[in-house]
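Student: Residue numbers (the working numbering): 1344 to 1682.
My questions all concern the structure below.
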């Protein structure tokens, strides 16, 4: 029996094969999340024991478990026995950092079909989501309540709350207007941190209709006003701070400018705009920002913007960025004012 020298470089063909099949690992992790496997792995368990508890086929499940182990979220300490690694803890629903819903969302068929049609995006510059679904991403979500509910849960569970609280001081504000704030996770956290602050949440009717519980659970419901609406329509005036979290990064330049003009119209001369989103920079340590940029463009025809690109965007609506807190490989916090 012979073996290759571990010190030898990996051949280019093998390395590219690994790159081309990396998506299979993400789908394996998504399947395990949908089955609830990470939630039951409090200790090492055999694949047969796991399969029995999550109602799966033992041999069918085994390859998914081993793929997840190759990705590093599981370990196989003994043949056909698996445990959750420290990395994999974020796949549990009860972990404060949980991204389980996000993993389930990104492995949906809607996204797989988008990548199958993504040559259209490269050739035309148009998002490819509509090719397989007959509607844009947001129109499709409006007609598919099950998909929209998962999307809302994924956004809620992965909101960059800690980044916002560390990157912006709301102590001088009396009223914050969260435009496109989903079910209110971000706004609830801000109001809980600042007990004298009042808040207004603006989002589509079916979204704000599910937001009340978020504020009740946080103990801040008496300081919140829920406003059904859209950031393409007039929003409440007079706020000290206007918050756009994961909004501008979802739209092309033309629509982003429409949103900014809407918000700017509502702002007072001394109001501030706070934008939270992924902003690629030279400080990033992983490829995630570039991967997300591709993701957003294929789905929505939108792309991530650097601080300088945001500054260019603001200049077109008579605003300027005055500061930002950059969090590498994560969502940054940018502060802007009216000129």
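Idealized CB from N, CA, C, for every residue including glycine.
None of these values were measured; they are calculated from a predicted model.
Measure the CB-CB distance between residue 1669 and residue 1639 and report whether it falls below 8 Å.
Tutor: no
Student: Could you spell out the range, first to last residue, of the alpha helix (DSSP H) harbouring residue 1622?
Tutor: Premise fails: residue 1622 is in no alpha helix (DSSP H) and is neither H nor E.
Student: Compute the Euclidean distance between the alpha carbons of residue 1477 and residue 1577, then round it to the nearest angstrom.
Tutor: 29 Å
Student: Can you list, in chain order, the residues of its chain with a C-beta nearer than 7 Å to that of residue 1526? Leave out the 5 residues immediately preceding and following it.
Tutor: 1495, 1499, 1550, 1553, 1554 and 1557
Student: Quick check on DSSP: helix, strand or coil for residue 1612?
Tutor: coil
Student: With a CB to CB cut of under 7 Å and the five nearest residues on each side skipped, what residues in its chain are close to residue 1541?
Tutor: Excluding positions up to five away in sequence, the list reads 1517, 1518 and 1566.
Student: Measuring alpha carbon to alpha carbon, tell me which of 1609, 1393 and 1564 ends up nearest residue 1584.
Tutor: Closest by C-alpha distance to residue 1584, out of 1609, 1393 and 1564, is 1609.
Student: Per DSSP, which residues does residue 1546 bridge with? Please list them.
Tutor: 1571
Student: With burial defined as no fewer than 16 other Cβ atoms inside 10 Å of the residue's Cβ, what is the status of residue 1502: buried or exposed?
Tutor: buried
Student: Using the Cα positions of residue 1434 and residue 1482, report the straight-line distance between them to the nearest angstrom.
Tutor: 29 Å
Student: Taking all protein chains shown into account, do 16 or more other C-beta atoms lie within 10 angstroms of the C-beta of residue 1531, making it buried, or fewer, making it exposed?
Tutor: By the neighbour-count rule (16 or more Cβ atoms within 10 Å), residue 1531 is buried.
Student: Can you list, in chain order, the residues of its chain with a C-beta nearer than 6 Å to that of residue 1463? Leave out the 5 residues immediately preceding and following it.
Tutor: 1471 and 1474
Student: Counting Cβ pairs closer than 8 Å, one from the segment 1615-1629 and one from the segment 1449-1468, do we hit at least three?
Tutor: Because the criterion of three Cβ pairs below 8 Å is not met, the segment 1615-1629 and the segment 1449-1468 do not touch.
Student: Any idea what DSSP makes of residue 1385, helix, strand or coil?
Tutor: coil
Student: Determine the extent of the beta strand (DSSP E) in which residue 1479 is found, giving its start and end residues.
Tutor: Careful: residue 1479 lies outside any beta strand (DSSP E) and carries neither H nor E.
Student: Assuming the contact rule is C-beta atoms closer than 8 Å, residue 1676 and residue 1617 should be a hit. Round their C-beta distance to whole Å, please.
Tutor: Yes, residue 1676 and residue 1617 are in contact; Cβ-Cβ is about 6 Å, under 8 Å.
Student: Let me check understanding here. Comparing Cα to Cα, which of 1561, 1422 and 1441 lies closest to residue 1379?
Tutor: 1441
Student: Within the continuous beta strand (DSSP E) that includes residue 1419, where are the two ends?
Tutor: 1417-1421
Student: Tell me the rounded alpha-carbon separation between residue 1355 and residue 1568.
Tutor: 57 Å
Student: State the DSSP-derived secondary structure class of residue 1581, mapped to helix, strand or coil.
Tutor: Coil at residue 1581, not helix or strand.
Student: By a C-beta neighbour count over all protein chains shown, 10 Å radius and 16 as the cutoff for buried, is residue 1408 buried or exposed?
Tutor: Taking all protein chains shown into account, residue 1408 has 16 or more neighbouring C-beta atoms within 10 Å of its C-beta and is therefore buried.
Student: Cα separation between residue 1546 and residue 1398?
Tutor: Counting only the Cα atoms, residue 1398 lies some 38 Å from residue 1546.
Student: For the ligand ADP, is there any heavy atom lying closer than 7 Å to the beta carbon of residue 1550?
Tutor: For the ligand ADP, the structure offers nothing, since it holds no ligand at all.
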